[in-house]
Each structure stands twice: as C-alpha cells, then as structure tokens.
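J.:
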Amino acid sequence: MRVAFQGERGAFSEAAALQLWGEAVEPVPLRSFEEVFRRVQEGECDRAIIPIENSLAGSVHHNYDLLLQHELHIVGEVNLRIVHHLIALPGTRLEDVRRVFSHPQALAQCEQTLAAMPGVEVVPAYDTAGSVKMIREQQLTDAAAIASEQAARLYGMEILRSHLEDVPDNYTRFLALSREPVVPSGPSKTSLVFAGKNVPGSLFKMLSVFALRDIDLTKIESRPLRGKPWEYLFYLDFAGSMHEERCRRAVEDLREIASFLRVFGSYPRAPQIWPNNNHQAL
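Counting from 338, one number per residue, gives the positions in the sequence shown under the numbering used here.
#1: E474 by DSSP, collapsed to three states: which one?
#2: With distances taken Cα to Cα, identify the nearest neighbour of L512 among A353, R346, E345 and M338.
#3: Between L409, A532, A394 and L403, which has its C-alpha nearest C382's C-alpha?
#4: Quick check on E589: buried or exposed, where buried means 16 or more other Cβ atoms within 10 Å of its Cβ?
#5: Secondary structure at L619, three-state DSSP: helix, strand or coil?
#6: Candidates G347, F438 and V340: which alpha carbon is nearest I386's?
#7: Between which residues of its own chain and A466 is the CB-CB distance below 6 Å, once the five residues before and five after are set aside?
#8: Keeping to the same chain, check which residues put their C-beta closer than 6 Å to that of N535; ignore five residues upstream and five downstream.
#9: Starting from Y603, follow the beta strand (DSSP E) in both directions and report where the run begins and ends.
#10: Where do the N-terminal and C-terminal ends of the alpha helix (DSSP H) with F539 fall, by residue?
#11: I want to know whether the stretch 510-524 touches the stretch 409-420 - three or more CB-CB distances under 8 Å.
#12: Starting from Q343, trace the beta strand (DSSP E) in both directions and tell me its first and last residue.
#13: The beta strand (DSSP E) spanning Y401 covers which residue range?
#14: Look up P364 in the DSSP assignment and say whether it is helix, strand or coil.
#15: Considering just the uninterrupted stretch of the alpha helix (DSSP H) at P441, what are its terminal residues?
#16: Report the three-state DSSP secondary structure of A620 (helix, strand or coil).
#17: Taking L570 and V530 to be in contact with their CB atoms under 8 Å, please state how far apart those CB atoms are, rounded to whole angstroms.
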C-alpha cells in the first residue's frame, strides 16, 4: 500500500503510518502537503497520513484548508507520542552547535528549551527528518536538527540530546486519508465541516443537535470563510459514526440549519495513549 506523507523518510508522519498499517506500508515521502493530497486524489498513492493537531502547538491549520479543497475521506486516526532529539553529524559537540533546523511545529514544541541555548540561531525548515538529511548532505559541522530517533538512525547521525520538547506530554494526532470511505466497527469518530448563518444564536442552535442527543464533541476548530470577511467555517469531530441512527439524525438536523455542511468521514477512533490528569488547572 503506497502511503503519501509530507517530509523525508524518518519523519513522524512515516512513524504514524507504520503504527496504523504496519508492514503493508510502502512510504512515499513528498515535499508538500498539497502534493500529498494530490497524489492520493489522482490515484498515484493509496493512502495519505497528515498531522492535524498537536497537544502543545495546536492545530495544523493548512491541513484543515486542504481537507476542504480535496475530495478525500478520513478513514483513520493515530495518536503518536512525540519525542524530539537534537541530532548532528557524528563527532559534533553540543557546544559547537550554532544553528538548529527543523519544521516550525517542532520548533514551537521546543521553544523554551531552545531559548535556553544561548547563541543558537533557530532556522525553520520544511521537515524534521529533512533537516537531518540536509545537515548530513551538506556536512554542516555547526548545525543540528530536531527530529526523531528513527531519523538519526536512518541517516547515520548522532543524538546530542533527547527530550527537547517543552512538556513531556507531547502528542500529535494524525489523520489517514483515502479516496473511498470506510465503515468503522467498534469505537468510532466522525469529522465534518459546516458554516452557519451570521445571526445571533446560530452556533448555539447548530451545536445543540449534538447536545440534545448526548453526543460527545471531541474537537471544534474555526477557520476563516474565504470571500466572506469575519465569517467562519467550523471543523468538528464527534464520538460516533454516521452508521449510528442518533449521529445520522444529528447531522441531518444540522444540515437543515447550516448554510453549508460536508462530512469527511466516520472512522475507527484511536485509543488514548496519554494519562488522565483530571484537567488540572494551569
């Protein structure tokens, strides 16, 4: 199964694909998320895996926009524990590092740690593993990358420091995409997007279709509605499947109220891999 993902071999997206599909995966690393979506939509790849949100840095907004622009279905999700490593050429000392490269999301997740490294320039790059590959290819002796342990092994590099993430509970949620939908069995989740009329109480009325049926909303994200300044699309996830009557009726009621609605798919819900903390106050 050819699986498209953004980045180079050794990226966290590849690890998510392997966790979801195992040895069936034939990795297809690509430069951009746009290319990832295009390859699957045009049939050049069977599946895609994309990051959609991180527990520290928040949502990957661009991927929400791409979901709307392409006719793909969400067919699965993966929750991946993210451990960031500082990786450099073999023989490089920590005090030699003057530049740190990585994807902006990874840099954001390590912001406090990097701020405590005086004299180090932080350089955004298109990929975590791609930063490791670049340092190796260009033999940059004053540089390091933030990436996975797998990336260090894959490119024959050295880990100078581990656990760079500012908070140990660092998780990224990935979505699996396909041209065809799936019928989930067991615990499931559904993702959709909708827009409402710009009138008082509109959002309350639209969300009430779920509350009245005791349907758990697991995520809601607003994005600007193009061509209509200060109006918004709402991306929503809820626990349950469109094959359950109460969920189907809730979405049917929402469709009657909303000015626009599209269901991205129902899919198996990934197990929780983080400990419960009872929502302790910050």
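For each residue, glycine too, the CB sits at the ideal point set by N, CA and C.
Small disclaimer: the values here were computed from a predicted structure and weren't measured.
T.: Looking at the coordinates:
#1: Of the three classes helix, strand and coil, the one that applies to E474 here is helix, per DSSP.
#2: A353
#3: L409
#4: E589 comes out exposed.
#5: Confidence in L619 is poor, its pLDDT being 42 and thus under 50, which makes the residue's placement unreliable; the coordinate value appears in the next sentence. Coil.
#6: V340
#7: G344, E345, G347, A348, A484 and A488
#8: Contacts found: E568.
#9: Rather than Tyr, the amino acid found at residue 603 in this sequence is Ser. Per DSSP, S603 belongs to the beta strand (DSSP E) from F597 to P605.
#10: The sequence as given places Ser at residue 539; Phe does not occur at that position. First-last of the alpha helix (DSSP H) with S539: S539 to A548.
#11: yes
#12: R339 to Q343
#13: From DSSP, Y401 is part of no beta strand (DSSP E) but of the alpha helix (DSSP H) over H398 to Q406.
#14: strand
#15: Membership of P441 in the alpha helix (DSSP H) is indicated by the continuous run P441 to Q446.
#16: No answer is possible for residue 620: the residues shown for the chain start at 338 and end at 619.
#17: Rounded to whole angstroms, the Cβ separation of L570 and V530 is 6 Å, and the two are in contact under 8 Å.
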